[in-house]
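Participant:
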Amino acid sequence: MEDTTRVCVTGGSGYIGSWIVKRLLERGYTVHATVRNSGDESKVGFLKGFPNAQRGLVLFEADLYNPLEFEKAIRGCRYVFHVATPLRHDPNSSKFRDTTEAAVAGVKSIVESCIRSGTVRRLIYTATVMAASPRKDDTECFAEAMDESCWTPLNLSAPYSNEQFTEEYVKSKTQSERELLRYNGAIEVVSIALGLVGGSTIRSSLPDSLRVLIAQATNDRARYRMLRILEEAKCPWCTLKTRARHTCSAYRRSIPSAAGSYALVTM
Ligand SMILES: NC(=O)c1ccc[n+]([C@@H]2O[C@H](COP(=O)([O-])OP(=O)(O)OC[C@H]3O[C@@H](n4cnc5c(N)ncnc54)[C@H](OP(=O)(O)O)[C@@H]3O)[C@@H](O)[C@H]2O)c1
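Position in the sequence shown counted from 1, then plus 36, gives you this note's numbering.
This is the structure:
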């Protein structure tokens with residue numbers, strides 16, 4: 037009999053990933069969570085303390101710089117949440133030149149593992165609104181409004197072009213999401229574009245997005261510049277509660293198909 041209660045979450049120890057793992061365990065699912073280093077207690081110890089973790093949590097080691105490693109975690113699952121993303125480039129990589137190449141190879145390999153598994157019904161991707169920020173009349177200014185059909189152009193100079201991290205992040209998320217949505221039809225892909233995520237964390241260290249949100253108060257100049265760029269790009273914010281609830285409903289909906297791209301903001 038098909039196991040409909042087995043779910044894979046990539047990046048299970050991250051800010052958003054850990055909340056998804058916790059919620060799924062609370063609802064009785066068996067969770068295949070991928071982490072980069074299962075021996076790093078500072079990153080994975082708290083996952084083992086979640087309710088039902090002893091029965092339902094299975095940790096797998098997988099790195100996007102070796103994307104085939106995700107295959108074993110995906111095997112036998114009904115749903116896959118692809119949450120992990122390389123935020124910083126691994127300079128020792130001989131395979132990829134930057135995070136964009138690694139992220140795109142990662143989504144390709146993960147979606148192909150989902151198809152090969154024969155069990156995965158839906159792949160849910162955590163995208164960013166920053167990949168959907170169109171420019172006004174091909175200028176450097178961001179347009180006043182965006183929707184799920186918009187894409188951030190990669191060939192225009194932008195207000196963030198002096199910010200290497202932001203530029204690389206936006207590029208890698210835009211290219212990855214575009215690549216992933218190409219597979220809709222072969223498998224159901226749901227992409228949820230998030231604004232800047234705030235709200236409480238269950239990890240011991242403060243997540244990057246929270247550091248950005250409070251950058252003015254902490255006098256963190258680099259992250260404050262990032263906050264200003266997000267403001268320029270009309271990037272909304274959303275709370276983790278809203279986000280976890282909507283991301284979970286992306287697989288729980290009883291509608292026959294939820295394929296496509298959805299923007300998620302807090303109103
Ligand atoms: N937070 C936001 O405001 C926001 C907004 C829009 C979209 N998103 C998207 O939501 C997702 C999660 O973001 P987050 O805020 O939860 O970030 P996070 O806390 O930094 O989590 C990122 C996760 O990706 C994993 N990861 C990083 N490099 C990896 C690699 N090379 N191979 C495998 N895993 C790797 C990290 O593992 P380690 O624990 O080992 O580092 C971590 O679990 C990302 O896709 C992000 O683009 C976030």
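No residue lacks a Cβ here, since even glycine has one placed at the ideal position from N, Cα and C. Every value quoted in this text rests on a predicted model; they were computed, and no experiment measured them.
#1: In whole angstroms, what is the alpha-carbon distance linking Ala-141 and Ala-98?
#2: For the alpha helix (DSSP H) containing Val-80, list its first residue and its last residue.
#3: Look at the alpha carbon of Arg-247 and the alpha carbon of Cys-44, and state the distance between them as a whole number of angstroms.
#4: Thinking C-alpha only, which one of Asn-128, Thr-275 and Phe-201 is nearest Ala-258?
#5: Bridge partners for Trp-273 per DSSP, in chain order?
#6: Mapping DSSP to helix, strand and coil, what is Leu-263?
#7: What would DSSP say about Leu-216, mapped onto helix, strand or coil?
#8: Taking the alpha-carbon positions, what's the Ser-227 to Asp-76 distance?
#9: Return the CA-CA distance between Thr-46 and Thr-210, expressed in angstroms with no decimal places.
#10: So, His-68 versus Arg-42, is the Cβ gap smaller than 8 angstroms?
#11: Tell me Tyr-65's beta-bridge partners as DSSP assigns them.
#12: Over the uninterrupted alpha helix (DSSP H) stretch that includes Ile-146, give me the two end residues.
#13: Of all the options Ala-120, Leu-159, Ser-149 and Ile-56, which has the alpha carbon lying nearest to the alpha carbon of Leu-217?
#14: Pick helix, strand or coil for Val-206, following the three-state DSSP scheme.
#15: Taking the straight line between their C-alpha atoms, what separation do you get for Leu-266 and Leu-276?
#16: Could you tell me which residues DSSP puts in a beta bridge with Ala-163?
#17: Considering Glu-107, what are the terminal residues of the alpha helix (DSSP H) in which it resides?
#18: What's the call for Val-94, buried or exposed, on a 16-neighbour Cβ count within 10 Å?
#19: Note down the Cα distance separating Lys-207 from Thr-254, rounded to an integer number of angstroms.
#20: Rounded to the nearest angstrom, how far is the Cβ of Leu-242 from that of Trp-273, given a contact under 8 angstroms?
#21: For the alpha helix (DSSP H) containing Val-248, list its first residue and its last residue.
#22: Pull up the distance between the alpha-carbon of Ile-11 and that of Tyr-161, whole angstroms please.
#23: Taking the beta strand (DSSP E) that Arg-42 belongs to, which residues open and close that run?
#24: What is the rounded straight-line gap between the Cα of Asn-88 and the Cα of Tyr-65?
Facilitator: Taking the structure as given:
#1: Whole-angstrom Cα-Cα distance: 14 angstroms.
#2: Val-80: member of the alpha helix (DSSP H) spanning 77 to 84, first to last residue.
#3: Roughly 28 angstroms between the two C-alpha positions.
#4: Restricting attention to Asn-128, Thr-275 and Phe-201, the CA atom closest to the CA of Ala-258 is found in Phe-201.
#5: Bridge partners of Trp-273: Leu-232.
#6: The answer is helix: DSSP assigns Leu-263 an H, G or I state.
#7: Collapsing the DSSP output to three states places Leu-216 in a helix.
#8: Straight-line measurement puts the Cα of Asp-76 at about 30 angstroms from the Cα of Ser-227.
#9: Their Cα atoms are separated by approximately 18 angstroms.
#10: Yes.
#11: In the DSSP output, where bridge partners are listed per residue, Tyr-65 has none listed.
#12: For Ile-146, the enclosing alpha helix (DSSP H) covers residues 135 to 153.
#13: Checking every option, the nearest Cα to that of Leu-217 belongs to Leu-159.
#14: Val-206: helix per DSSP, three-state reduction.
#15: Approximately 18 angstroms between the Cα atoms of the pair.
#16: Bridge partners of Ala-163 according to DSSP: Ala-229.
#17: In this chain, the alpha helix (DSSP H) harbouring Glu-107 covers 107 to 110.
#18: So Val-94 counts as exposed.
#19: Roughly 28 angstroms separates the two Cα atoms.
#20: The Cβ separation is near 16 angstroms, so there is no contact.
#21: Taken as a continuous stretch (DSSP letters only), the alpha helix (DSSP H) holding Val-248 covers 244 to 249.
#22: Since the first residue shown for the chain is 37 and the last is 303, residue 11 is missing from the structure and cannot be characterised.
#23: Arg-42: member of the beta strand (DSSP E) spanning 42 to 46, first to last residue.
#24: Going from the Cα of Asn-88 to the Cα of Tyr-65 covers about 9 angstroms.
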